[in-house]
Structures are given as structure tokens and as C-alpha cells.
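Single-structure report; data block below.
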Amino acid sequence: MVASRVLAALLLLTVGCAYAAGPSVPPSEWLLHQVKILSAPDTAGRGSGTPGADRAARHIAAEFQAAGLKPAGDRATYLQSFSVPTGIRLGPVNALAILAPAPRALALGRDFTPLAVSADGVAEGEVVFAGYGITAPALGWDDYAGLDARGKIVLVLGGDPRPSDPSTPFRRPDAYHYSERSHKIINAREHGARAILLVTHPAAPSEALPALRGITQPWAIAAAFVTRAVGDTLLAPSGRGLAEAADAIDRALQPRSFLLPGVSARLEVGLVRERGTAANVVGLLPGTDPRLAREAIVIGAHYDHLGHGGEGSLAPDQIGAVHPGADDNASGTAAVIGLARAFAAAGGAPRTLVFVAFAGEEMGLLGSTHYVRQPAHPLDTTAVMVNLDMVGRLREGKLYVGGVDSGTGLRALVGATPAGPLVPELRGDPFAPSDHTAFYTAGRPALFFFTGAHADYHRPSDTWDKLNALGLEAVTAFVARVVAAAAAEPTAPAYVRIQSPPSPVRAGGYGPFFGVIPEFGEAQRAGVKISGVRPGSPAERAGVRAGDVLVAFGGVAVKTLEDFTFALRGRRPGERVEFTILRDGMEQHLHAVLEERR
Numbered sequence: 019m020v021a022s023r024v025l026a027a028l029l030l031l032t033v034g035c036a037y038a039a040g041p042s043v044p045p046s047e048w049l050l051h052q053v054k055i056l057s058a059p060d061t062a063g064r065g066s067g068t069p070g071a072d073r074a075a076r077h078i079a080a081e082f083q084a085a086g087l088k089p090a091g092d093r094a095t096y097l098q099s100f101s102v103p104t105g106i107r108l109g110p111v112n113a114l115a116i117l118a119p120a121p122r123a124l125a126l127g128r129d130f131t132p133l134a135v136s137a138d139g140v141a142e143g144e145v146v147f148a149g150y151g152i153t154a155p156a157l158g159w160d161d162y163a164g165l166d167a168r169g170k171i172v173l174v175l176g177g178d179p180r181p182s183d184p185s186t187p188f189r190r191p192d193a194y195h196y197s198e199r200s201h202k203i204i205n206a207r208e209h210g211a212r213a214i215l216l217v218t219h220p221a222a223p224s225e226a227l228p229a230l231r232g233i234t235q236p237w238a239i240a241a242a243f244v245t246r247a248v249g250d251t252l253l254a255p256s257g258r259g260l261a262e263a264a265d266a267i268d269r270a271l272q273p274r275s276f277l278l279p280g281v282s283a284r285l286e287v288g289l290v291r292e293r294g295t296a297a298n299v300v301g302l303l304p305g306t307d308p309r310l311a312r313e314a315i316v317i318g319a320h321y322d323h324l325g326h327g328g329e330g331s332l333a334p335d336q337i338g339a340v341h342p343g344a345d346d347n348a349s350g351t352a353a354v355i356g357l358a359r360a361f362a363a364a365g366g367a368p369r370t371l372v373f374v375a376f377a378g379e380e381m382g383l384l385g386s387t388h389y390v391r392q393p394a395h396p397l398d399t400t401a402v403m404v405n406l407d408m409v410g411r412l413r414e415g416k417l418y419v420g421g422v423d424s425g426t427g428l429r430a431l432v433g434a435t436p437a438g439p440l441v442p443e444l445r446g447d448p449f450a451p452s453d454h455t456a457f458y459t460a461g462r463p464a465l466f467f468f469t470g471a472h473a474d475y476h477r478p479s480d481t482w483d484k485l486n487a488l489g490l491e492a493v494t495a496f497v498a499r500v501v502a503a504a505a506a507e508p509t510a511p512a513y514v515r516i517q518s519p520p521s522p523v524r525a526g527g528y529g530p531f532f533g534v535i536p537e538f539g540e541a542q543r544a545g546v547k548i549s550g551v552r553p554g555s556p557a558e559r560a561g562v563r564a565g566d567v568l569v570a571f572g573g574v575a576v577k578t579l580e581d582f583t584f585a586l587r588g589r590r591p592g593e594r595v596e597f598t599i600l601r602d603g604m605e606q607h608l609h610a611v612l613e614e615r616r
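Just so you know, we're using my numbering here: the sequence shown kicks off at 19 and counts up by one.
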């Protein structure tokens, strides 16, 4: 009954705001119009904490108000605010100087630039050339073998050896990450270096100092990018230039690292990390059944995107261009607005419905994590969370529905829901890099609706004209039926911890599996806090619990999530690894045998 009223209301959607007095239009056009508003040039890619995102939030709040939802944010508004990192800029002092053998001050912006992940402070010492800065035991490669980098400044090439040669071990699918800047920087730190100077490979077709962009935590080592001319100057006392040093490595396909005789340098970094305010948009529709209304269903989608690119963009050559994020995730946000209007017009549902447009998803689920900590409706009486992310590119009717095994009865409920033109592919595991994961790791069942990845993901080309408007309408209608059915179920689904399926240890694959679920959101202290542990995983067998803080793994100091990723990637399935956790303020030293990642 509720579902039929909601679907009827969906059919009565009219284009809001400027077109409120106009004639009724098909739901597909109404939803597409919402996408156009959210991805318009004046929202500038909706980067959290920016005026463009604020504009989008005000529009969503106005739509919730027009629908008749109760404001469920801060101070009787629709906005639930929280602090986010918004950018980085140079402080008053950033300097690099060659101290010996010939003193020379280098020019900021012309000869070098600090990296956003750099620690602040001064690093001074001898300079060593550490080749590509790679340590990869599985590949038999270590640029630091026989090189004492402790207390020194390391000069490191970008990329990896013979990048155009498909036969090198670095072209294996599980080895591409060794060329990433994060591996080189953290690896230098773990070998005791005070600072790292990265330089573009001399064979690269072009050279440019990277723009200072980023919002991540500093990685506990001073880091800067230098030009090839600076690299040649540093290498000159060794009797070779950057091209010769790189060629020696590439021809032999073996590390060729060395101390630069009599060469020392001093790097000083001072960065200002800026913060701003972002806001979830939250509206509530009270339940109509006196018995069920105390329980809620959260229906959400993130409305933020990447702004002008930077971290997360898959178009590094288009940094500065607006990333409109029409599918990711103006599409899901439009669907949530449509569902809010439809359920409100239908008179509500037996259970309370909470509609949330999340900010900060692209920064690491910041908005959904904030909501979970400060929910508009008590989390322990939240029956299920329903998340829509990238639902605008339906192809061949395929709709992916994750998390159907995260709560009792959800698989049967979703499977029994009429799907119309859709072909739902049900997946039990709820884990995916989107907002529902914050709810599941907090102990709530969660469903995730997704129409699949595409070539425009996280690029400026993710524009509204590429959406399948009729497909978006079909997905919205299907989710409406699922929510209506879940809202009317006499008993709410019970939370289910998804078991990790047994996996034999075998060579190859894409890296090892440990089985911890990090807590999302910004870390308040060094280490990686664990919000959950996969049942049957190596971590669970080792005794890791939710709430533990991982501070060391395989000999690597774990200060950030990037550190843990670095440490885990350096291991292989079947290896025994020692690690350290903090539990109730006390260190515990544990070990686990890693498995293959599935």
C-alpha cells in the first residue's frame, strides 16, 4: 500500500524552484533537472567546505523543506555541520639550499616545491642517491640495500625502471604501486631518512613542479620535489648526471644507489593546512505506525565531489578543471531528493525515514562518520541504512545491490521487490568505499545501490548529458519499493557480521589480506583505529578487536592509513607478520599469517 502511494507520488514530481508553477513532467526529466542543478558551473564541483558545495547544500535543504520534511540538523536547521580540511598553502618560510661542496640557495617555485604530505621543520644532512626509492622484496628489488640513509637526505627518481618494458616485474598488476609517490616517501622515512627530494625521470617527456595541493595528514618526513637541473647539480660531484644514473639502473635492471661524496643540503618546510566547514543535509519524516515509528530507515547519498580535481582525480593533467560529478554523486542525491518528496507526498511510511545528503565522502566518509557519531535518530533504533552512489549510468538494466546479507531478511526482501526493467545483481558483502560502510561498521545493516563504474569516473567528463535519465528513474522507483517494504516489515533486520570465506594461501594475486576495517574520518592521533574486524580473518585470529589502534605493522611505524597500506603492500600472502596495537592505552604485540586478498 505504501509502495503504491509512493510510486504514484513519484509520477507527480514537478520540476521545483523556478518551475514550481509549470506543468507536470516525467520523473526522469525531474531527476535529471536536479542533477543539472547540482552539477552546474556555479557549484564548481561541490568540493566539501567550498562555496560551491554550500550552494548545493542550500538547494537540497530547500527541496527537503518544500517536501515537508522536519529539519534534523543543528539548531533546528537542515544542516549538520562539521570541520573538514580544505586545502594547503605555503607558510612564510620554505627553503632548500645546497650546503656543500658549493653553497647555493635554490628558488622556491622554480627549482623546488614542498609536497603537501611533507612534515614541517628543518632537515639537514648528507645527500644520497637512492635510485627509484623502491623496496620490493617480492620482486627482488631494494634501492636501499647497502645504502645507509639514516639521518640523510635522499634523492629519488620518479616512476620505476623501464616503464615502457612490459617484461619487467614492475608491470605485474600487484606491483604498479611501487611507482607511486606514497611508497617512495614512506619508504625513505622507514629507512631513517630526514628528508626526500623527488625528481622527474630524465626520460620523461616533460617536467613540471607539481602544484601544492592536498588535504592529507603529513607523513612524518620532510618532502619536496626538485627539477632535473637540481638533480644534476647534486649528482655532479659523483662524476655523473641524472640521466647517466638512471640509465645505469635501467640497463642493468638492478639498483645502483650511492652516497654523493661531500654533498649536503638543508630543507626547511612550513605549510599552512587550511580548514573549513562542511554540512550534511538532514530531513526527517516521522513514522505513521505507533509501534514502528520509533525505528528509522536512513536513506542517503553523498552530494560532495572533487571540486577542481587534486587528490582523487583520475585526470592529473586537468588539475584546476571543474569535476562536475554528475553521476558521482549528483545522481544519487537527486534520487534521495525525489524519494523524500515522494514519501512525504504519500503521507509517510510506518517507520520513520531520515533523508541525508552527506558531505565529505570524497575525503574519507567524513560526513557519514559524523552522522553516525551524532545521529538525527538514535543509531541503535536505526533499522537499516540505504545508500545510493553513482546510480545514473544504468547499462543493460544492471543494478548492483550490495549488503543484502548485512541484515537478516534483506536478501529475501530485495529479491522479492518488483524490479521493473532492472536486472538487480545481489551481493552479500556491504563493504565498498561509500557512506553505507560507516553505518555497517557501526553495527547497522546497510544496502548499497550502484549502476557501475565508467571511464568518466573522477574526471571532468562526468557530465549530466551522459546520464541515463530513464535508468535513474527506474532505480529510484526500485529503491522506493525496497524502502517501502523495509519500512512496513513487522520486525527490523538484525545486524549480521559477514564471514570471510575460506581462502587457500597461494602465490600471486593483488596483495595480502589482513582483515581489519579502519575507522573512517579524520584521525585524532597517530595510528589507525580499527572500527571492525572481519570474522575468520587473520586479524581476528590474532586477537585484534574493534577499538584497537594499530601503531606498527611488519616493522613499519603506522601513523596514518597510508603507512598501513605501505606496510601491508610490502608483504605477501602466507607471511607471518608482527604488529603492535594500543588497547586501553597499553601496547600489545601480536602476530598473524596473512592470506591472499579476495
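Beta carbons: idealized from backbone N, C-alpha and C, even for Gly.
**Prompt:** Grouping DSSP H, G and I as helix and E and B as strand, with all else coil, what is H219?
**Reply:** Position 201 of the sequence shown, counted from the start, is the residue given in the question as residue 219. In the structure shown, H219 adopts coil according to DSSP, grouped into three states.
**Asked** So what's R284 in DSSP terms, helix, strand or just coil?
**Response** For the purposes of this step, residue 284 is identified with residue 266 of the sequence shown, where counting begins at 1. Here DSSP, grouped into helix, strand and coil, assigns R284 to strand.
**Prompt:** Helix, strand or coil: which one does DSSP assign to Y194?
**Reply:** By one-based count along the sequence shown, residue 194 stands at place 176. Assigned with DSSP and collapsed to three states, Y194 falls in helix.
**Message:** To the nearest angstrom, how far is the alpha carbon of A560 from that of E379?
**Reply:** Counted from its first residue, the sequence shown places residue 560 at position 542. Counted from its first residue, the sequence shown places residue 379 at position 361. One C-alpha to the other measures close to 31 Å.
**Request:** Check A309 in the structure and name its three-state DSSP category.
**Result:** Taking the first residue of the sequence shown as 1, we reach residue 309 at position 291. Here the sequence assigns Arg to residue 309, which means Ala is not the residue at that position. Coil at R309, not helix or strand.
**Request:** Pick helix, strand or coil for M403, following the three-state DSSP scheme.
**Result:** Working through the sequence shown from its first residue, we reach residue 403 at position 385. Residue state, collapsed to three classes: strand.
**Request:** Kindly indicate the opening and closing residues of the beta strand (DSSP E) around S101.
**Result:** Your numbering for residue 101 matches position 83 in the sequence shown. Start and end: L97 to L108.
**Message:** Quick test of your reading: G305 and Y96, contact by CB under 8 Å. State the CB separation rounded to the nearest angstrom.
**Reply:** Looking up residue 305 in the sequence shown gives position 287. Looking up residue 96 in the sequence shown gives position 78. Rounded, the Cβ-Cβ distance is 19 Å, inconsistent with contact.
**Message:** Would the stretch 503-516 count as touching the stretch 363-371 if we require 3 or more Cβ pairs under 8 Å?
**Reply:** These segments touch.
**Message:** One question on the structure: do P591 and E558 come within less than 8 Å of each other, judged by their Cβ atoms?
**Reply:** Here residue 591 corresponds to residue number 573 of the sequence shown, with the count starting at 1. Here residue 558 corresponds to residue number 540 of the sequence shown, with the count starting at 1. The beta carbons of P591 and E558 sit no closer together than 8 Å.
**Request:** Please confirm whether A229 and V287 have their CB atoms less than 8 Å apart.
**Result:** As a first step, residue 229 must be located in the sequence shown, where it is residue number 211. As a first step, residue 287 must be located in the sequence shown, where it is residue number 269. Taking 8 Å as the Cβ cut-off, A229 and V287 do not qualify as a contacting pair.
**Message:** Using only CA atoms, which one of L440, R64, F496 and R128 lies nearest to K416?
**Reply:** Stepping through the sequence shown from its first residue, residue 416 is reached at position 398. When each option's Cα is compared against that of K416, the closest is L440.
**Message:** Please return the same chain residues whose Cβ sits closer than 6 Å to the Cβ of D447, not counting the five positions on each side in sequence.
**Reply:** Position 429 of the sequence shown, counting from 1, holds the residue named residue 447. Closer than 6 Å at Cβ, skipping near neighbours: I516.
**Request:** Whole angstroms is fine: what's the gap from D474's alpha carbon to V567's?
**Result:** Against the sequence shown, residue 474 aligns to sequence position 456. Against the sequence shown, residue 567 aligns to sequence position 549. Rounded to whole angstroms, the separation of the alpha carbons of V567 and D474 is 37 Å.
**Item:** Cutoff 6 Å; reference K547; Cβ partners in own chain excluding five residues on either side
**Value:** On the sequence shown, position 529 is the one that residue 547 refers to. If we look at K547 and ignore the five residues flanking it on each side, its Cβ neighbours are E537 and V567.
**Asked** Is A575 near A21, with beta carbons less than 8 Å apart?
**Response** The residue you call residue 575 lines up with position 557 of the sequence shown. The residue you call residue 21 lines up with position 3 of the sequence shown. In this structure, A21 does not lie closer than 8 Å to A575 by Cβ.
**Request:** Determine the direct distance from the alpha carbon of H326 to that of L600, and round the result to whole angstroms.
**Result:** Here residue 600 corresponds to residue number 582 of the sequence shown, with the count starting at 1. Here residue 326 corresponds to residue number 308 of the sequence shown, with the count starting at 1. Computed Cα separation, rounded: 38 Å.
**Message:** For a quick check, are the C-beta atoms of A115 and A123 less than 8 Å apart?
**Reply:** Position 97 of the sequence shown, counting from 1, holds the residue named residue 115. Position 105 of the sequence shown, counting from 1, holds the residue named residue 123. Yes, Cβ-Cβ distance for A115 and A123 is below 8 Å.
**Request:** Kindly give me the distance between the Cβ atoms of D322 and S66, rounded to whole angstroms, as I take these residues to be in contact under 8 Å.
**Result:** Stepping through the sequence shown from its first residue, residue 322 is reached at position 304. Stepping through the sequence shown from its first residue, residue 66 is reached at position 48. With 8 Å as the limit, D322 and S66 qualify as a contact, their Cβ atoms being about 5 Å apart.
**Prompt:** What first and last residue would you give for the alpha helix (DSSP H) that runs through K416?
**Reply:** Position 398 of the sequence shown, counting from 1, holds the residue named residue 416. Run containing K416: none in the alpha helix (DSSP H); it sits in the beta strand (DSSP E), K416 to G420.
**Asked** Taking just the CA atoms, how far does G420 sit from D407?
**Response** Sequence index remark: in the sequence shown, residue 407 carries index 389 (1-based). Sequence index remark: in the sequence shown, residue 420 carries index 402 (1-based). If I take the Cα positions, the gap works out to 11 Å.
**Prompt:** For Y513, does the three-state DSSP call read helix, strand or coil?
**Reply:** If you number the sequence shown from 1, residue 513 lands on position 495. Secondary structure of Y513 (DSSP, three-state): strand.
**Item:** DSSP state of N298 mapped onto helix, strand, coil
**Value:** Walking along the sequence shown from the start, residue 298 turns up at place 280. N298: strand per DSSP, three-state reduction.
**Item:** R413, enclosing alpha helix (DSSP H) - first and last residue
**Value:** The residue given as residue 413 occupies position 395 in the sequence shown. Element bounds for R413: n/a, residue is neither H nor E.
**Message:** So, at 7 Å on beta carbons, what are the nonlocal neighbours of T218 in its own chain, with the 5 sequence-adjacent residues on each side left out?
**Reply:** Along the sequence shown, read from residue 1 onward, the residue named residue 218 stands at position 200. Hits under 7 Å: G176, E225 and R246.
**Asked** Just the Cα atoms here: how many angstroms apart are A167 and H209?
**Response** Here residue 167 is taken as the residue at index 149 of the sequence shown, counted from 1. Here residue 209 is taken as the residue at index 191 of the sequence shown, counted from 1. Cα to Cα, A167 sits roughly 6 Å from H209.
**Ordered list of alpha helix (DSSP H) runs contained in the stretch 460-512, each at least 4 residues** = Runs of the alpha helix (DSSP H) spanning 4 or more residues and lying entirely within the stretch 460-512 occur at 487-506, in chain order.
**Message:** Less than 8 Å between the beta carbons of L465 and D345, yes or no?
**Reply:** Taking the first residue of the sequence shown as position 1, residue 465 is located at position 447. Taking the first residue of the sequence shown as position 1, residue 345 is located at position 327. Taking 8 Å as the cut-off, the beta carbon of L465 is found no closer than this to the beta carbon of D345.
**Asked** Any contact of the stretch 152-159 with the stretch 244-263, i.e. 3+ C-beta pairs under 8 Å?
**Response** With a cut-off of 8 Å, the stretch 244-263 and the stretch 152-159 do not count as touching, because too few Cβ pairs lie within range.
**Request:** May I ask you to verify whether the stretch 336-353 touches the stretch 265-283, counting CB pairs closer than 8 Å and requiring at least 3?
**Result:** The stretch 336-353 makes no contact with the stretch 265-283, as fewer than three CB pairs between them are under 8 Å.
**Cβ-Cβ separation, G91 to A362 (assumed contact under 8 Å), whole Å** = Counting from one through the sequence shown, the residue named residue 362 turns up at place 344. Counting from one through the sequence shown, the residue named residue 91 turns up at place 73. Taking a contact as a CB-CB distance under 8 Å, the pair A362 and G91 does not count as one, their CB atoms being some 17 Å apart.
**Request:** Provide the residue span of the beta strand (DSSP E) that contains L579, from first to last.
**Result:** Your numbering for residue 579 matches position 561 in the sequence shown. Not the beta strand (DSSP E): L579 falls in the alpha helix (DSSP H), residues L579 to R587.
**Asked** In whole angstroms, what is the alpha-carbon distance linking Q83 and L357?
**Response** Stepping through the sequence shown from its first residue, residue 83 is reached at position 65. Stepping through the sequence shown from its first residue, residue 357 is reached at position 339. Taken atom to atom, the span from the alpha-carbon of Q83 to that of L357 is near 13 Å.
**Message:** Alpha carbons only, please: which of T186, D453, T399 and V611 is nearest the one belonging to R269?
**Reply:** Here residue 269 refers to the residue found at position 251 of the sequence shown. The shortest C-alpha separation from R269 is found at T186.
**Prompt:** Three-state secondary structure (DSSP) at D453?
**Reply:** As a working mapping, residue 453 is identified with position 435 in the sequence shown. Note: D453 maps to coil in three-state DSSP.
**Item:** First and last residue of the uninterrupted alpha helix (DSSP H) at P396
**Value:** Your numbering for residue 396 matches position 378 in the sequence shown. That residue, P396, is in no alpha helix (DSSP H); it is neither H nor E in DSSP.
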